[in-house]
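Counted from 1, the sequence shown has number 745 at position 12 by the working numbering; the numbering is strictly sequential. Using N, Cα and C, we set each Cβ at its ideal position, and we do this for glycine too. Reviewing the structure listed below.
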Amino acid sequence: MKNSEIKFIVQLDDNNLPKAIQWDATDKEAERMESTKSISLNVWDNLNHNTLRIDLWTDDMSVVEMKRFYIDILGGMAQTILNSTGDEFMAEEMKDLCDRLVRHVNEENKKMSK
734 MKNSEIKFIV
744 QLDDNNLPKA
754 IQWDATDKEA
764 ERMESTKSIS
774 LNVWDNLNHN
784 TLRIDLWTDD
794 MSVVEMKRFY
804 IDILGGMAQT
814 ILNSTGDEFM
824 AEEMKDLCDR
834 LVRHVNEENK
844 KMSK
């Protein structure tokens, strides 16, 4: 059996808000820390049967990037639920939501660019 490690380093400003986020993992291709603007970590709490969440982002992440990030997360979750449970209905509903959110963000971006 092998172990795999994922590591996050979060540099905080004077108000304890993320200024920089770096990450590394034993199984990723690059052999160095990489920068990112946001992380979203979800952990199932077996004791309380609910989800513990950590959502962090730096101040240089734009609103458009944040919305895209969460649409991508939802799309990934749809694929994971399909792969792990075979529940096609739930996966398709999540994908449909992603499609609606993409249209919403695209329309919003068009209005802002005028």
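Spatial neighbours of isoleucine 814 in its own chain (CB-CB distance under 8 Å, excluding positions within 5 residues in sequence) are listed in chain order as Asp820, Met823, Ala824 and Met827.
Of the candidates Ala758, Leu830 and Met794, the residue whose Cα lies closest to the Cα of glycine 808 is Leu830.
Aspartate 792 and proline 751 have their C-alpha atoms spaced approximately 7 Å apart. Around the CB of isoleucine 754, 16 or more other CB atoms lie within 10 Å, so the residue is classed as buried. Residue burial is scored here from C-beta neighbours: alanine 811 has at least 16 other C-beta atoms within 10 angstroms and is therefore classed as buried.
Between aspartate 757 and serine 737, the C-beta spacing is not below 9 Å.
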